[in-house]
Each structure stands twice: as C-alpha cells, then as structure tokens.
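Novice: Next up is a structure, given as structure tokens.
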Amino acid sequence: MVKGKVCIVTGGGRGIGRTIVETLAVNGAEEVYALDVSDDALQGLPDNATGAVVNVTDPSGIAEFVQDVIRRHRRIDVLVNNAGITRDAVINKMDDEQWDQVIAVNLKGVFNMARAIGPEMMEHGSGSIINISSVVGLDGNMGQTNYAATKAGVVAMAKTWAKEFARKGAAVRANAVAPGFINTPMLETVPEKVIEGIRAKTPLKRLGEPQEIANLVLFLASDLSSFITGQVIRCDGGLVV
Ligand code: NAP
Numbered sequence: 010m011v012k013g014k015v016c017i018v019t020g021g022g023r024g025i026g027r028t029i030v031e032t033l034a035v036n037g038a039e040e041v042y043a044l045d046v047s048d049d050a051l052q053g054l055p056d057n058a059t060g061a062v063v064n065v066t067d068p069s070g071i072a073e074f075v076q077d078v079i080r081r082h083r084r085i086d087v088l089v090n091n092a093g094i095t096r097d098a099v100i101n102k103m104d105d106e107q108w109d110q111v112i113a114v115n116l117k118g119v120f121n122m123a124r125a126i127g128p129e130m131m132e133h134g135s136g137s138i139i140n141i142s143s144v145v146g147l148d149g150n151m152g153q154t155n156y157a158a159t160k161a162g163v164v165a166m167a168k169t170w171a172k173e174f175a176r177k178g179a180a181v182r183a184n185a186v187a188p189g190f191i192n193t194p195m196l197e198t199v200p201e202k203v204i205e206g207i208r209a210k211t212p213l214k215r216l217g218e219p220q221e222i223a224n225l226v227l228f229l230a231s232d233l234s235s236f237i238t239g240q241v242i243r244c245d246g247g248l249v250v
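Sequential numbering of the sequence shown, starting at 10, is according to my numbering.
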C-alpha cells in the first residue's frame, strides 16, 4: 500500500509509533525512519526500517537528519508526527514545567518536523503528513489542560498545512488521527479504575490496540486516501457517538 515510499515516524521506538513503523515497513515502504530520544527503543527494527536518535524538540538535529534523508532518497513521502508525552494534573496543580514540557514535545515538536519536511514535500510535488492527535484534543479531559491544548493544536496545524503545502499544485496532504484510549505504555500511569470507566462507556467495550491506529495511518499514508486532506479522523471504538 505504501510501495516505494520514504517514511518518517517520530516516537517510532515504542507504543503506537513502533507499530506504525512496522506496519509501513511490511506494506512495502522503501525505507521507514523511526525517530526516538533513545537508542534503546530503536533495536530490532525490520530490515527496511532505520532507527535515528532525533529529539523532536531539537530543530538543528532535525535539519541535519532531514538533509541526510534527502541526500539519500531525494524525497520524503510520508511524515507521521507521533511522538507525544503526558504530564497530567488538574489546572490549579499544573506547574509551568508540566505545561512547557508537553507544549515543547507535542506541539512545538510537530511544528519543528513539519517546518523542516513540508517544504521538501512541496518541492517534490507530493507527500502525506499525519499528525497523531487524541480524542482528548477534541473533547477535553480532566487533568489534561496541557495535553488537550496540544492535541487540538495538531488538528489545527494539519488543516493549515492542507492549505499551505498544497499551494502551486503540489499534492501534499495533511490529516490528523484522533485515537481513543489505546493499550500502550502511555496508559501505565492511568489508574485501573479510570480505564474500567473508559471501557464501560466505549460501545465496543475495550481499549484500542496500536495496530488499529497503525491501520488508519497506513491508509492516510497511502494513495488510497489521495482525495482526503485537512481532516481529523477518530479511531476510538465509538467513545463519543
Ligand atoms: P508511548 O508509548 O509513550 O510512546 C511514545 C514514544 O515517543 C516513545 O518511544 C517516546 O520515547 C517517544 N518520544 C517522547 N518524547 C520524544 C521526543 N521529544 N522526541 C522523539 N521521540 C519522543 O506513547 P503512545 O501511547 O504510543 O502514544 C503515541 C502517540 O499517540 C502520542 O502522540 C500520544 O499522545 C497519542 N495518543 C495515545 C493514546 C493512548 O491511549 N496511548 C491515545 C490518544 C493519542 P521514550 O519512551 O524513550 O521517552
């Protein structure tokens, strides 16, 4: 489905990002670059995937990496902005550090990646950018002012890039995916009682699996979605219906 495409996935070492890397690789990508903050998470990748230690908060590290990929492949076809963190607290207990850290990775990190790669896609004449948002960015969530703000922000950025990067006839698309609650290490900090509550109010009565998000990303990365841009697509078991 993504035969011959050069793909970049941030936060590709574990969780949803790792599954996205493996899914793009197994579906024919020429090369999938998995970016993460530590080398430990980047072991055991498929043959047509390459790990790179690139922190999305570091514009000069990103620029160096992008130049290297362009030198090797002459283009970047797919960018998945997946890296994300949580630092939860109700607003009166949320300190500046919690706010700043989440903004730096989830919002500015996405900006840093697209600023470096969007123009390359425009120049090449095509590309697909997929921002991993969250239902929390669409519906809000107790204790997640910082996270919710970033996840709403990446939807707005995808809509903006759908317009900006498609100028001059370039077939560059930008969309956002809004997962519900997905079975990954990110949920380890969420109390079991809360998880039980989420299961109970989800029509499908379970959490999602990383593969279910990766399947949607695969579709948006592929030419099967060639007329879809500027959209946010929920993948949440019907959590809000
Ligand atoms: P995860 O298991 O915590 O994985 C996130 C990955 O991103 C980790 O490998 C992490 O590396 C990496 N990362 C963190 N900061 C980074 C940085 N500055 N630069 C590069 N990589 C960085 O999270 P996940 O559950 O797979 O979530 C993936 C995305 O889906 C996130 O954007 C998240 O907000 C979104 N999402 C998740 C859920 C869910 O229920 N899990 C629901 C909705 C949306 P380290 O582990 O080494 O720090």
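Idealized CB from N, CA, C, for every residue including glycine.
#1: Does the contact criterion of 3 or more C-beta pairs under 8 Å hold for the region 41-51 versus the region 15-29?
#2: Using the beta-carbon count (16 or more within 10 Å), is alanine 72 buried or exposed?
#3: List in chain order the residues whose CB is within less than 6 Å of at least one heavy atom of the ligand NAP.
#4: In whole angstroms, what is the alpha-carbon distance linking glutamine 76 and valine 226?
#5: Taking the alpha-carbon positions, what's the glutamate 39 to glycine 134 distance?
#6: Report the rounded CA-to-CA distance for threonine 211 versus valine 249, giving the unit in angstroms.
#7: Going straight from the alpha carbon of asparagine 115 to that of serine 69, what length do you get?
#8: Leaving out five residues before and five after tryptophan 170 in sequence, what residues of the same chain have Cβ atoms less than 7 Å from its Cβ?
#9: At 3 residues or longer, what runs of the beta strand (DSSP E) sit wholly inside the region 117-205?
#10: Taking the Cβ atom as the reference point for each residue, do valine 15 and alanine 58 lie within a distance shorter than 8 Å?
#11: Can the beta-carbon of threonine 154 be found closer than 8 Å to that of glycine 118?
#12: May I ask which residues mark the beginning and end of the alpha helix (DSSP H) holding arginine 23?
#13: Tell me whether isoleucine 222 is buried or exposed, calling it buried when 16 or more other Cβ atoms sit within 10 Å of its Cβ.
#14: Go ahead and label phenylalanine 190 buried or exposed: buried means 16 or more other beta carbons lie within 10 angstroms of its beta carbon, across all protein chains shown.
#15: Please report the residue range of the beta strand (DSSP E) in which glycine 217 lies.
#16: My assumption, with CB atoms under 8 Å, is that valine 144 sits in contact with aspartate 232. Please give the rounded CB distance.
#17: DSSP puts isoleucine 85 in a beta bridge; with which residues?
#18: Going by other Cβ atoms of all chains shown within 10 Å of its Cβ, with 16 needed for buried, is proline 200 buried or exposed?
#19: As a quick exercise: from Val203, Val35, Phe74, pick the residue whose alpha carbon is nearest that of proline 55.
#20: So the candidates are Glu132, Ile204, Lys202; which of them puts its Cα closest to the Cα of glycine 178?
Specialist: By the coordinates alone:
#1: yes
#2: exposed
#3: Thr19, Gly20, Gly22, Arg23, Gly24, Ile25, Gly26, Leu44, Asp45, Val46, Ser47, Ala50, Asn64, Val65, Thr66, Asn91, Ala92, Gly93, Ile94, Val114, Gly118, Ile141, Ser143, Pro188, Phe190, Ile191, Thr193, Pro194, Met195, Leu196
#4: 25 Å
#5: 18 Å
#6: 8 Å
#7: 18 Å
#8: Ala123, Gly127, Ile138, Ala183
#9: 135-141, 180-188
#10: no
#11: no
#12: Premise fails: arginine 23 is in no alpha helix (DSSP H) and is neither H nor E.
#13: buried
#14: buried
#15: Counting along the chain, glycine 217 falls outside any beta strand (DSSP E), and DSSP gives it neither H nor E.
#16: With 8 Å as the limit, valine 144 and aspartate 232 do not qualify as a contact, their Cβ atoms being about 27 Å apart.
#17: Note: isoleucine 85 sits in no beta bridge, so no partner.
#18: exposed
#19: Val35
#20: Glu132
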